[in-house]
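Peer 1:
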DNA sequence: AAAAAAT
């Protein structure tokens with residue numbers, strides 16, 4: 001029996017204890033009457049959401065008398081899904097009549113101030129909600145009233161839009177209702193996750209009060225446990241070997257000898273068989289190798305039976321799979337200069353969308369956008385390769401919204417309508433990020449989006465889908481899950497986007513993608529985007545795309561990039577110290593590790609050195625993942641240590657240093673990790689740490705990535721580290 | 001190895 005007993009099928013490491021710990025934390029740390037997301041009327045003060053009988057009883061009586069009827073009328077369908085404010089059509093519609101009046105009178109002044117005020121409102125509202133959930137719920141029924149007063153402020157930004165709407169009859173209907181909605185949607189977007197949010201909110205206050213301590217306690221003990229476990233194991237084993245084990249060992253053989261004989265009769269013949277079997281296996285293997293199908297099977301058998309074979313074959317198989325260089329797709333190279341003069345408007349996008357793009361900072365199209373918008377509007381299947389940070393999200397998002405809008409022209413947006421478009425991403429963070437952009441575009445023309453991804457309760461997502469959304473953005477697992485449950489109808493989806501399409505075509509993603517693509521309309525338009533788009537997408541292209549247009553942007557080479565690449569050849573014993581000195585700087589630094597465990601270890605190491613750092617990897621719960629990424633975005637920490645979950649697509653402004661604590665195995669991974677810096681033309685540095693043994697592999701990988709990077713030998717404290725971090729050497733001397 | 005569903 002191994003020393004570390006783990007439940008069968010359990011994960012090797014779990015940094016977010018999901019079972020007992022969560023419930024005990026809920027019971028132990030929650031105080032009666034404290035903000036809670038629990039249902040009202042929980043039985044005991046120790047339960048979340050407990051409310052004393054006296055509070056609710058009298059109020060309940062009143063409601064049943066008169067208010068109920070009035071409320072029901074006022075709230076309408078809303079009562080079916082209290083949590084989803086963003087989708088409350090009726091309050092909004094009721095408010096619409098009033099809004100225009102207010103808006104017209106006030107718009108000019110508020111336009112300027114409006115933008116600045118929104119954040120303030122959000123902040124004010126959140127605390128209010130976070131103090132008491134129950135009052136919040138009451139507030140929610142009242143909120144429409146507050147919202148009406150608030151909306152004017154919010155809607156002022158919309159006024160230009162509304163003017164636009166006046167130009168477009170279609171937009172007016174949807175637009176007038178939407179923009180206020182948009183404001184709400186921003187909140188709603190948040191509000192879609194009302195329940196999770198409420199959970200978050202209720203958790204946050206807890207954390208804030210107890211929390212930061214609470215969190216730090218949870219983290220440190222865990223980290224301590226983790227760090228201690230290996231240490232103890234290592235220390236204990238030798239010690240035990242020296243003292244007790246030797247005794248045990250001398251004793252055990254004796255016992256074994258006395259016991260085994262009885263058993264050994266059966267065993268020996270078996271052992272003979274076993275010794276023969278490997279021989280046969282070895283003889284058979286060449287035979288099997290001859291048969292094409294069995295090529296893989298002997299490997300698996302070997303792995304199961306023999307650890308040495310396992311190691312050898314595994315690394316061989318690993319290398320077989322790793323870093324396959326696929327043929328470049330034949331693409332029409334779009335010359336940036338030739339399309340530079342076209343505006344978004346010229347490309348066929350409507351005024352509302354163009355205006356929203358301006359608000360997002362996209363005043364004129366980037367090359368990849370100039371290339372793809374028109375063919376997408378024309379309804380073609382499109383494959384597009386644009387390097388990291390080149391604006392791919394808008395390149396597919398804006399024309400997608402425009403097409404969904406055109407497809408709905410003249411139709412009424414019905415309750416519970418099925419989504420018309422689907423955007424798929426490989427990670428939850430990326431899905432969220434895409435939604436932030438696409439949702440704004442959609443809102444500007446009165447369309448709704450919702451996110452469908454795992455790691456959060458389904459309720460809010462299902463509630464949104466029930467009310468009807470136009471564009472679904474999510475990750476494959478939850479989308480399939482909800483579809484199987486009959487809660488997500490993909491049969492009317494006419495446009496599908498695969499972001500990071502080559503990654504979505506890799507083992508593990510390919511089959512879910514195929515299943516999902518088979519559920520949408522047969523003739524649905526397909527859009528495949530990635531910075532490293534190659535023939536790996538062939539499996540999907542051949543089955544699902546019709547005569548696709550393929551685009552890339554001419555002249556995207558390292559020379560036109562703003563990223564400076566460095567490789568440091570180090571001794572393994574210097575690694576920890578070098579990493580600490582690399583992240584000990586002012587700018588935002590993103591550190592990549594190969595494993596979740598190492599990312600946790602590095603966070604602990606940095607914090608021990610007095611450098612605030614957070615982790616991002618798949619063993620954290622979604623709330624923590626989102627929070628930790630947000631803390632980097634907000635600048636509350638400057639160091640994020642992540643696995644490859646953060647390698648693709650994630651945009652954080654101002655990351656000016658990417659450190660690869662573990663070198664990537666694939667050139668594509670190198671490309672995507674590097675692309676977290678140097679975005680939209682900003683400068684950035686990528687540093688990869690390797691040991692001497694890895695020089696050759698690294699050189700080959702950089703060739704495939706078409707990157708030229710100097711290799712420097714570095715030891716702890718070397719000047720080259722100061723040069724990279726931008727610190728002055730004087731600081732080091734002191 | 002990691003990621004993507006939940007249990």
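Residue numbers (the UniProt record's numbering): 1 to 734.
C-beta: ideal position from N, C-alpha, C; glycine also.
1. What are the partner residues of residue 713, as DSSP defines its beta bridges?
2. Taking a contact to mean a Cβ-Cβ separation below 8 angstroms, would you say residue 502 touches residue 527 in this structure?
3. Please return the same chain residues whose Cβ sits closer than 6 angstroms to the Cβ of residue 737, not counting the five positions on each side in sequence.
4. Would you decide whether residue 122 is buried or exposed? Buried here means 16 or more other CB atoms lie within 10 Å of its CB.
5. Taking the straight line between their C-alpha atoms, what separation do you get for residue 420 and residue 699?
6. Please determine, among 666, 635, 634 and 638, the residue with the shortest C-alpha to C-alpha distance to residue 647.
7. Going by C-alpha distance, which of 350, 714, 688 and 352 is nearest residue 702?
8. Strictly by DSSP, which residues pair up with residue 655?
9. Hey, is the stretch 651–661 in contact with the stretch 581–597, meaning 3+ C-beta pairs nearer than 8 angstroms?
10. Please list the segments of the beta strand (DSSP E) lying wholly inside the stretch 363–421, counting only runs of 3 or more residues, in order along the chain.
11. Would you tell me roughly how many angstroms separate the C-alpha atoms of residue 555 and residue 561, rounded to the nearest one?
12. Since residue 531 contacts residue 678 with CB under 8 angstroms, what's their CB separation in whole angstroms?
13. Could you tell me whether the Cβ atoms of residue 612 and residue 389 are closer together than 8 angstroms?
14. Please report the distance separating the alpha-carbon of residue 685 from that of residue 704.
15. If I'm right that residue 403 touches residue 377 with Cβ under 8 angstroms, what's the distance once you round it to whole angstroms?
16. Cβ of residue 590 within 8 angstroms of Cβ of residue 642?
17. Work out the CA separation of residue 550 and residue 459 for me, nearest whole Å.
18. Three or more beta-carbon pairs under 8 angstroms between the stretch 469–476 and the stretch 449–457, yes or no?
19. On the criterion of 16 or more Cβ atoms from any shown chain inside 10 Å, does residue 365 qualify as buried, or is it exposed?
20. Is residue 496 closer than 8 angstroms to residue 529 when the C-beta atoms are compared?
21. Return the first residue and the last residue of the beta strand (DSSP E) that residue 489 is part of.
22. State the Cα-Cα distance for the pair residue 706 and residue 664, rounded to the nearest angstrom.
23. With DSSP as the reference, label residue 634 as helix, strand or coil.
24. My understanding is that residue 449 touches residue 438, with C-beta atoms under 8 angstroms, so please give their C-beta distance in whole angstroms.
25. Find the nearest neighbour of residue 347 within the set 355, 483 and 374, judged by alpha-carbon distance.
26. Alpha carbon to alpha carbon, what distance is there between residue 603 and residue 735?
27. Run through DSSP, which three-state label would residue 684 get?
28. From 381, 694 and 353, pick the residue whose C-alpha is nearest to that of residue 523; which is it?
29. Bridge partners of residue 640, per DSSP?
30. Name the one or two DSSP bridge partners that residue 689 has.
31. Under 8 angstroms, do residue 422 and residue 520 count as touching if we go by C-beta distance?
32. Look at the alpha carbon of residue 712 and the alpha carbon of residue 575, and state the distance between them as a whole number of angstroms.
33. For residue 593 versus residue 662, is the C-beta distance shorter than 8 angstroms?
34. Between residue 763 and residue 637, what straight-line distance do the alpha-carbon atoms span, to the nearest angstrom?
35. What is the residue span of the alpha helix (DSSP H) that residue 441 lies within?
36. State the DSSP-derived secondary structure class of residue 507, mapped to helix, strand or coil.
Peer 2: Quick look at the numbers:
1. 569
2. no
3. No answer is possible for residue 737: it lies beyond the span of the chain, which begins at 1 and ends at 734.
4. In this prediction, residue 122 has a pLDDT of 39, which is less than 50 and means its spatial position is unreliable; what the coordinates show is noted afterwards. That one is exposed.
5. 46 angstroms
6. 666
7. 688
8. 588
9. yes
10. 382–385
11. 10 angstroms
12. Not really, about 12 angstroms apart at Cβ, beyond 8 angstroms.
13. no
14. 19 angstroms
15. 6 angstroms
16. yes
17. 39 angstroms
18. yes
19. buried
20. no
21. Where residue 489 is concerned, there is no enclosing beta strand (DSSP E), given that its DSSP letter is neither H nor E.
22. 15 angstroms
23. helix
24. 6 angstroms
25. 374
26. No answer is possible for residue 735: it lies beyond the span of the chain, which begins at 1 and ends at 734.
27. strand
28. 381
29. 590 and 614
30. 568
31. yes
32. 14 angstroms
33. yes
34. Outside the displayed range of the chain (1 to 734) lies residue 763, so it cannot be described from this structure.
35. 428–443
36. coil
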